[in-house]
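**Q**
And the structure:
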């Protein structure tokens, strides 16, 4: 077989295989059932007074593949000092369990704990039982109405 025939054969095989390769590359992997978000912040300012604030939060969402259930856990904290004296100290965390009943209707329960001494909240616990209706549900825009009962205990 001559060199020109060999090049033509290789070129025709590559051309025939190219669409199959591009189709295989275009298929996105399935989305992960976990979504994790974390934030951290630090503010330090010196002038007439010295201010330092540290904050952070995290959120973990678990939506099992093929399931109508969603589990969310979150926690966050803020701590601040002004001129060497604590001026902010807040902790907040909770969870939410949601079940899709129909395409746009879901029910959920949630609980949240908050402690914010400087906000006048020595301790607050909230439990919620609610329904949620999705008005808009696109890839970048969401709008829902939630209605239900909430029970708060605060000291």
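In our numbering, the protein residues as written are 174 to 328. Glycine included, C-beta positions come from ideal geometry on N, C-alpha and C.
Taking the C-alpha atoms as reference points, what is the distance between residue 234 and residue 260?
**A** 32 angstroms
**Q** Ignore the nearest five residues each way along the sequence and tell me which others in residue 268's own chain have a CB closer than 7 angstroms to its CB.
**A** 245, 246, 283, 284
**Q** Can you tell me which of 291, 316, 296, 273 puts its alpha carbon nearest to the alpha carbon of residue 258?
**A** 291
**Q** Is residue 310 near residue 277, with beta carbons less than 8 angstroms apart?
**A** yes
**Q** How many angstroms separate the CA atom of residue 298 from the CA atom of residue 200?
**A** Residue 298 and residue 200: Cα-Cα distance of roughly 45 angstroms.
**Q** Quick check on the DSSP output: what are the complete beta strand (DSSP E) runs of length 3 or more inside the segment 233-294, in order along the chain?
**A** 242-255, 258-273, 278-289
**Q** Could you tell me whether the Cβ atoms of residue 232 and residue 272 are closer together than 8 angstroms?
**A** no
**Q** For the beta strand (DSSP E) that contains residue 210, what are its first and last residues?
**A** 207-219
**Q** Among all the DSSP beta bridges, which residues are the ones paired with residue 297?
**A** 287, 327
**Q** Can the beta-carbon of residue 301 be found less than 8 angstroms from the beta-carbon of residue 279?
**A** By the CB criterion at 8 angstroms, residue 301 and residue 279 fall outside the cutoff.
**Q** Between the Cα of residue 216 and the Cα atoms of 227, 318, 207, 270, which residue gives the shortest distance?
**A** 227
**Q** Kindly indicate which residue of 295, 287, 220, 236 has the alpha-carbon position closest to the one of residue 250.
**A** 287
**Q** When you compare each of 315, 208, 294, 307 to residue 325 by their alpha carbons, which one comes out closest?
**A** 294
**Q** Suppose the cutoff is 6 angstroms on Cβ atoms and the five residues either side in sequence are ignored; what does the same chain contact list for residue 270 look like?
**A** 244, 282
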